[in-house]
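J.: Below you'll find the structure I mean.
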Amino acid sequence: MKRARVVSRPVLWLSAPALLGLLLPLQRAWMPGQGSVGWALDLFAHWQPLYGAVWLIVCLLGALRDRRWVLGLPLLALPWLTASAVAPRSEAVPDLVVAVANVNIRQHDPDALLDWLQQKPANLVVLTELSPDYAAALAERQYGGFVHRALHPLASPPGLGVLSDRPLSNVRVLADGLGALRMEADLAIGGRTVHLIAAHPKPPMATRKYRARDGLLRELASAAITQPTIVAGDLNATPWSSALLGSDMRSLRRVSGWAPTYPSEARGVFGIGIDHVLVSSGFAGTHAERGPDIGSDHLPVRVGLRWQGE
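Here the sequence shown is numbered in numbering that gives the first Met the number 0, starting from 0 and rising by one per residue.
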């Protein structure tokens, strides 16, 4: 009896927050809110793998006292079921391989990034937090062999860049009301024009930043209904964030996984996945992977895209 009481206490203490955490993405999708409560809840929603691990421990400990706790194990599927929509998968050869790397405003040496791209080639590389020093170092290294590029380096985190093995046209840099930037360009894939957006909204640590991030992604999703689109960058949103959830985001689907990319310490094991590639309908994903430590506080991601038609 004493053992049962000892087991039951941590089970009860942990079960409620773990279950509420697992259910939080449903609230973020249906009633995200726009005030301080909204952005605070969004931060808590990021940690679905942690809530799942705690819920597993709760069920196993609870089953020592009452086997009915085993009935709670199916709830471990919630992080997969509540994550943002995923693009269909294709076994075909990709038409385009896209890499995303937040290179960190304090990092000035691109060697680790270029070494990785040498081993794992990409057709398109989106860079966030691109500083003038990093851009200059890329120039010294002939941009890793990429013939086409659009760079907007800044001595502050909004700096952006795109390296490409195919021409970029109609390049423009747009700012939101808070100073966050996005770079837009057109490129040709299989004879069709695809709209590319490299984005890095500000971390949603206040109501205005939270609204700006969600508003940007919904604006991009609305535009993606009518044209083939790729959105890539450090989106400061996990797959369970209100920024990627909801029926109005269905026109942009995630190709990147939900493995942690930030912070990069210990391979991101204690982090969250906020670096993404999103695509409009017509695209399928062929693969998705995280890259190695490139000297940044983020891990890069690399995905393959295949055009399948509308």
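Glycine included, each C-beta is placed from N, C-alpha and C at the ideal position.
#1: Figure out for me which residue from A187, Y209 and P259 has the closest Cα to the Cα of T228.
#2: Per DSSP, which residues does F282 bridge with? Please list them.
#3: Considering A231, what are the terminal residues of the beta strand (DSSP E) in which it resides?
#4: What residue range does the alpha helix (DSSP H) around I196 cover?
#5: If we count the other Cβ atoms within 10 Å of its Cβ and call it buried at 16 or more, is T127 buried or exposed?
#6: Could you tell me how far apart the beta carbons of M248 and A220 are, in whole angstroms, since I believe they sit closer than 8 Å?
#7: By Cβ distance, which residues of its chain are closer than 7 Å to A62, with the 5 residues on each side in sequence left out?
#8: Taking all protein chains shown into account, decide if I271 is buried (16 or more other Cβ within 10 angstroms of its Cβ) or exposed.
#9: Tell me I188's beta-bridge partners as DSSP assigns them.
#10: What three-state label does DSSP hand A62 in the structure shown?
#11: Excluding the five sequence neighbours on either side, which residues of its own chain have a C-beta within less than 8 Å of the C-beta of I56, listed in chain order?
#12: Looking at the structure shown, is K1 part of a helix, part of a strand, or coil, going by DSSP?
#13: How far does the alpha helix (DSSP H) with T260 in it extend, from its first residue to its last?
#14: Measuring straight from C-alpha to C-alpha, what distance separates G232 and L251?
#15: I need the straight-line Cα distance from Q118 to L60, nearest angstrom please.
#16: Which residues share a DSSP beta bridge with T127?
#17: Spatial neighbours of P291 within its chain, please: C-beta separation below 7 Å, excluding the five flanking residues on both sides.
#18: Taking 7 Å as the cut-off, is the CB of G37 close to at least one heavy atom of the ligand ZN?
#19: Considering only the beta carbon of each residue, do S255 and V276 sit closer than 8 Å?
#20: Taking DSSP as the reference, what is the three-state secondary structure of D274?
#21: Give every residue of the same chain whose Cβ lies closer than 8 Å to the Cβ of S155, excluding the five residues on either side of it in the sequence, and list them in chain order.
#22: Of the residues G37, L21, F43 and P262, which one's Cα is nearest the Cα of P73?
#23: For V124 and G143, what's the separation of their Cα atoms in angstroms?
T.: So, from the listed chains and residues:
#1: A187
#2: W306
#3: T228 to D233
#4: It is not in any alpha helix (DSSP H) - I196 instead sits in the beta strand (DSSP E) that spans R191 to A198.
#5: buried
#6: 5 Å
#7: W68 and V69
#8: buried
#9: R191
#10: helix
#11: L13
#12: Confidence at K1 is low in this model, with a pLDDT of 48, below 50, so the placement of that residue is unreliable and no value is reported for it.
#13: From DSSP, T260 is part of no alpha helix (DSSP H); its letter is neither H nor E.
#14: 14 Å
#15: 45 Å
#16: N101 and L159
#17: W115
#18: Ligands in the displayed structure: none, and consequently the ligand ZN is not present.
#19: yes
#20: strand
#21: I104
#22: L21
#23: 11 Å
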